[in-house]
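Residue 1 is where the sequence shown starts when you use our numbering, and the numbers rise one by one after that.
Glycine included, every Cβ here is placed at the ideal spot set by N, Cα and C.
Computed from a predicted model, the values in this text were never measured in an experiment.
The block underneath contains the structure these notes are about, expressed in structure tokens.
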Amino acid sequence: MPAITAESIRAAALELAEASPEAIVRWAIERYAPRAALTCSFSGAGVVLAHMIARLAPETPVIFLDTGYHFPETLAFKDAFVKQYGLNLVEIHPLFVKPAEPTYQTDPDHCCHLRKVEPMIRAVADLDGWITALRRDQSDTRAEIDVVEYHETPGGRPLAKVLPLARWTRKEVWTYITEQAIPYHPMLDQGYKSIGCWPCTRPVGAGEAERAGRWAGTGKTECGLHTFTKRT
């Protein structure tokens, strides 16, 4: 595998700037397998990438962070999708929480760290290529993402973060889902646009941004999964 350097990743981003999401997924798998994986919450555009991986390289790990606070609908849909497409699911659980501890009420940032960030820090320790479904049109905090980025883990290890859907809009995601007849999370038909843990997710109103229903009224916009690594 070629060394992961800031220069090589910038060159790859330029090379893949106009490539299709499927071509970017293929590039990541060819370059970083068996140390490449997709993270997927099964609640949105991640199913598009999971569908592509099922066709291109079904042995690729698909990481699901089981926070303990997912909607029952999320868990049921995840199980059905994995079975239908034969995905290589890897479930990761938090280590330092108590089942009935309502940290989301008192300190949502700490709750996200315990239930999402800490498990993901463990997961990326075994990865060179992290594939994720972030898009530029999701929020202002994601408007500048690139299709491939050079990141460093908290320990300083280089990591290629691969974002095949960075340039796609929500409309393009739904066009793919419809044309490929991919099943999707049932709560997306109930007024939800972005689905996370049940204590911190609500439906959105007409005209609200895609992620307006996450941590509504708190000023919080990210769980920390996509900010704990350092982008260079």
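How is the beta strand (DSSP E) around Pro-158 delimited, first residue to last? Unbroken beta strand (DSSP E) run through Pro-158: 158-162.
Taking only runs that begin and end inside the stretch 76-116, name each unbroken beta strand (DSSP E) of 3 or more residues, in chain order. Within the stretch 76-116, the beta strand (DSSP E) runs of at least 3 residues that lie entirely inside it are, in chain order, 88-92.
Identity of the residue in Pro-58, Glu-91, Gly-86 and Lys-161 nearest Ala-66 by Cα: According to the sequence as given, residue 66 is Asp; it is not Ala. Out of Pro-58, Glu-91, Gly-86 and Lys-161, Glu-91 has the C-alpha closest to the C-alpha of Asp-66.
Taking the beta carbon of Thr-125 as the centre, do at least 16 other beta carbons fall within 10 Å, making it buried, or is it exposed? Looking at the sequence shown, residue 125 is not Thr but Ala. So Ala-125 ends up on the exposed side.
Buried/exposed call for Gln-138, threshold 16 Cβ in 10 Å: So Gln-138 ends up on the buried side.
Kindly list the residues whose CB is nearer than 7 Å to the CB of Arg-35, restricted to its own chain and excluding five residues on each side of it in sequence; keep chain order. Counting only residues of its own chain and dropping the five nearest sequence neighbours on each side, Arg-35 has a CB closer than 7 Å to the CB of Asp-126, Leu-127, Asp-128 and Gly-129.
Can you find the residues in the same chain that come closer than 7 Å, C-beta to C-beta, to Val-25, ignoring five residues on each side of it along the sequence? Within the same chain, Val-25 has close Cβ partners Leu-49, Met-52, Ile-53, Leu-56, Ile-131 and Pro-164.
First through last residue of the alpha helix (DSSP H) which encompasses His-51: Counting along the chain, the alpha helix (DSSP H) containing His-51 begins and ends at 46-56.
Secondary structure at Leu-14, three-state DSSP: helix, strand or coil? For Leu-14, the three-state secondary structure derived from DSSP is helix.
If you follow the beta strand (DSSP E) that Glu-210 is part of, which residue opens it and which one closes it? Taken as a continuous stretch (DSSP letters only), Glu-210 belongs to no beta strand (DSSP E), as it is neither H nor E.
Using only alpha-carbon positions, find the residue among His-151, Trp-198 and Ala-160 that is nearest to Ala-33. Ala-33 has its Cα closest to that of Ala-160, out of His-151, Trp-198 and Ala-160.
Could you give the DSSP three-state label for Glu-234: helix, strand or coil? Outside the displayed range of the chain (1 to 232) lies residue 234, so it cannot be described from this structure.
When you compare the CB of Ile-92 with every CB in chain D, is at least one pair closer than 8 Å? Any reference to chain D falls outside this structure, which holds one protein chain only.
Grab me the residues of Ala-6's own chain with a C-beta within less than 7 Å of its C-beta, minus the 5 sequence neighbours each way, in chain order. Tyr-150 and Thr-232, listed in sequence order.
Residue range of the beta strand (DSSP E) that Ser-63 falls in? For the record, residue 63 in the displayed sequence is Ile; it is not Ser. Run containing Ile-63: 61-65, per the beta strand (DSSP E) assignment.
Span of the alpha helix (DSSP H) holding Ile-121? In the DSSP assignment, Ile-121 falls within the unbroken alpha helix (DSSP H) covering 118-124.
Helix, strand or coil for Leu-38? Go by DSSP, reduced to three states. If DSSP states are grouped into helix, strand and coil, Leu-38 belongs with the strands.
CB-CB length for Thr-221 against Thr-141, believed under 8 Å: The Cβ separation is near 6 Å, so the contact holds.
My understanding is that Leu-77 touches Phe-42, with C-beta atoms under 8 Å, so please give their C-beta distance in whole angstroms. At residue 77 the sequence reads Phe, which differs from the Leu that was named. Cβ atoms of Phe-77 and Phe-42 come within 8 Å of each other, at about 6 Å.
Nearest-angstrom Cα distance between Arg-167 and Thr-227? Going by the C-alpha atoms only, they are around 19 Å apart.
Thinking just about the alpha-carbon of each residue, which of Ala-206, Gly-205, Ala-209 and Pro-183 is nearest to the one in Val-82? Out of Ala-206, Gly-205, Ala-209 and Pro-183, the CA that lies nearest to the CA of Val-82 is found in Pro-183.
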